[in-house]
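Note that the sequence shown covers residues 1 to 298 in the working numbering.
Worksheet: the structure to be examined is printed underneath.
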Amino acid sequence: MTSIFFNHEVDDDRRRQMIFQGDLFVYSATPASAELVEFARELIEKAFGTLDPELAQYEMPVERFAALLADLKPRFIHHERCKKLLPRVLEEAGCSVWDTYFDVPRMRTSTSDEYLTSGISYAYHPHRDCWYSAPFSQVNWWMPIYPVVPENVMAFHTRYFDQPVGNGSDRYDYADWTAVERPSAATHIYSDTRRQPKPEQTIELEPQVRVIPEPGGFVMFSGAHLHSTVPNTSGRTRFSIDFRTVDIHDVRARRGAPNVDALCVGTTLRDFRRCTDLEQVPEELALEYEAEALSRRG
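In structure tokens form, the structure reads like this:
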């Protein structure tokens, strides 16, 4: 069973435990998350100039739109201001800045009516982040930049949280993805041929859960949840931010959601930075996780 908690007062250790059991936590915007969203809007609106970013898809050739995103998104992702704001967001949400590590905040887009659904604006099929070499202690954070509606958010397919799904994770190698597949995203405009783990059985998309936070509000959920991009029929491009966190004690103790079907190799742990000083997760832990992933595959 998945429960949804709104602005629930609970310490982060207990919250993570509940997230690892499949629960979702939804929060209103905090001062830092509102500032992060405002900064994202500044970059977006500067990039689109006189056009309304949510409606610009109707006035731009898709190739130009993709090229604009290919410039805009990395500028946000790697901006020094994001590295300063993310620890504040986490601290305001009750996380320990000494124990919490985060990866870069990614700006996502979902265009309406299949205008651009591949590459730089990929419309994600049902998937678990754990199929992509994420640790099972990973917590995902997702927040909209502009107002969203049920027709342009993400869907959680909660019945599969502890139910195996046939998938292609046994052919996924995170090192190969980061070296070859990820850098080519902007070249995939009309279709996406990159090798990604996908369901290899029929998925029952209903029942599903769609969460609608306010801009700067956010939902926290396990990287083991099966989730997907909702086909956008809203008439507006959706802009959002997502990032991921791990608690170093969970990483060391191998606490996290159950692994019901992931057989990928590699680990994303090297992508995470500690809130206090931006230090990486200790290398010995990354090496241990890589060895364990290889042993799972046999």
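Backbone N, C-alpha and C define an ideal beta-carbon position, used for all residues, glycine too.
- In this model, T229 and E206 are separated by some 14 Å (Cα to Cα).
- Between Q208 and H127 a beta carbon distance of about 14 Å is seen, past the 8 Å cut, so the two are scored as non-contacting.
- Annotation for E59: L51 place their beta carbon closer than 8 Å to its own, counting only its chain and skipping 5 residues before and after.
- N167 sits away from F221, with the two beta carbons spaced by 8 Å or more.
- CA-to-CA, the gap between M143 and K73 works out to about 16 Å.
- At the C-beta level, F218 and F102 stay beyond 8 Å of one another.
- Here M107 is buried: its Cβ has 16 or more other Cβ atoms, across all protein chains shown, within 10 Å.
- According to the DSSP assignment, Y289 belongs to the alpha helix (DSSP H) that extends over 283-297.
- The region 254-265 makes contact with the region 165-179, as at least three CB pairs between them are under 8 Å.
- Contact fails between the region 53-71 and the region 82-90, because fewer than three Cβ pairs, one in each stretch, are under 8 Å apart.
- Counting only unbroken stretches of 4 or more residues, the alpha helix (DSSP H) elements lying wholly within the region 8-72 are 12-20, 31-48, in sequence order.
- In the structure shown, the three-state DSSP call for V139 is strand.
- In the displayed model, R252 falls within a helix according to three-state DSSP.
- Counting other Cβ atoms within 10 Å of its Cβ, H227 reaches 16 or more and is therefore classed as buried.
- In chain order, Y174, C264, G266, T267, T268 place their CB closer than 6 Å to the CB of S133, counting only its own chain and leaving out the 5 sequence neighbours on each side.
- Counting the other CB atoms within 10 Å of its CB gives H225 a total of 16 or more, which places it among the buried residues.
- By the Cβ rule, the region 228-243 counts as touching the region 34-53, because three or more pairs are nearer than 8 Å.
- Bounds of the alpha helix (DSSP H) holding V89 are 80-92.
- Around Y115, the same chain offers Q57, V62 as residues with beta carbons nearer than 7 Å, after the five sequence neighbours per side are excluded.
- Judged by their CB atoms, P213 and V89 are not nearer to each other than the 8 Å cut-off.
- Residue burial annotation: W177 is buried, with at least 16 other C-beta atoms found within 10 angstroms of its C-beta.
- DSSP lists R273 as the bridge partner or partners of Q280.
- Under the DSSP assignment, A155 falls in the beta strand (DSSP E) whose first and last residues are 154-156.
- Annotation for Y101: the continuous beta strand (DSSP E) segment containing it runs 100-102.
- For A155, the CB contacts under 6 Å within the same chain, skipping 5 residues up- and downstream, are Q208, R210, S228, V230 in chain order.
- Per the C-alpha coordinates, the member of R81, A67, Q201, L68 positioned closest to A32 is R81.
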